[in-house]
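J.:
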Ligand SMILES: [Zn+2]
Ligand SMILES: [Zn+2]
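In our numbering, the protein residues as written are 778 to 924.
1. Considering just the uninterrupted stretch of the beta strand (DSSP E) at residue 804, what are its terminal residues?
2. So which of 885, 801, 833 and 889 has the shortest CA-CA distance to residue 862?
3. Look at residue 853 and residue 804 and say whether their C-beta atoms are less than 7 Å apart.
4. Distance check for residue 811 and residue 826, CA to CA, integer angstroms please.
5. Kindly indicate if chain D contains any beta-carbon less than 7 Å away from that of residue 917.
6. Which ranges would you report for the beta strand (DSSP E) in the stretch 872-908 if only whole runs of at least 3 residues count?
7. According to DSSP, simplified to helix, strand and coil, what is residue 828?
8. Hey, which unbroken runs of the beta strand (DSSP E) at 3 residues or more fall wholly within the stretch 830-859?
9. For the candidate residues 818, 860, 787 and 848, whose alpha-carbon lies nearest to that of residue 829?
10. Counting only the same chain and skipping the five closest in sequence on each side, list residues whose C-beta sits under 7 Å from that of residue 878.
11. Sort 918, 914, 920 and 919 by Cα distance to residue 813 and report the nearest one.
Below you can see the structure in the form of structure tokens.
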């Protein structure tokens, strides 16, 4: 039977010991957002509240920890932010931050996959969270509003 736990910014601290035992460590803290990295798989996760760069609305970024007979897995949840951007600010966001493209799985391949591309430097990943973490860390997305 699968059990699961939701890890948010609010309960991260009390869950940290166990997350560490399963290989997840804090890799970075950026403007109140916590970036975690799995020491075996290298996979990154982000927990916290992200502010929309256009209208200022906040959205939770969190992970789910799931227990399987074979071990523990983690899943990133970022779709509230992503859906908001896709519905409200798709054009600006894909011009200024992240663009979604479809390209061959590998060169010459007919099989096409979605990739999320950083428009500022060309970094890309098939995983939205990776590119999101990248633009937050490297290019300052989700900066606190100064005005
Ligand atoms: Zn917005
Ligand atoms: Zn970049």
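In this text, a Cβ means the ideal position worked out from N, Cα and C, and glycines have one as well.
T.: According to the structure shown:
1. Start and end: 801-807.
2. Looking at 885, 801, 833 and 889, the one whose alpha-carbon comes closest to that of residue 862 is 833.
3. Not a contact, by the Cβ cut-off of 7 Å.
4. Our two residues, residue 826 and residue 811, have alpha carbons roughly 9 Å apart in a direct line.
5. Going by chain labels, chain D is absent from the structure shown, which holds only one protein chain.
6. Annotation note: the stretch 872-908 contains the following uninterrupted beta strand (DSSP E) runs of length 3 or greater, listed N- to C-terminal: 875-881 and 889-895.
7. Of the three classes helix, strand and coil, the one that applies to residue 828 here is strand, per DSSP.
8. Listed in chain order, they are 835-845 and 848-854.
9. It is 860.
10. Take residue 878, set aside five residues on each side of it, and the residues of its chain with a beta-carbon closer than 7 Å to its own are 892 and 894, in chain order.
11. When each option's Cα is compared against that of residue 813, the closest is 914.
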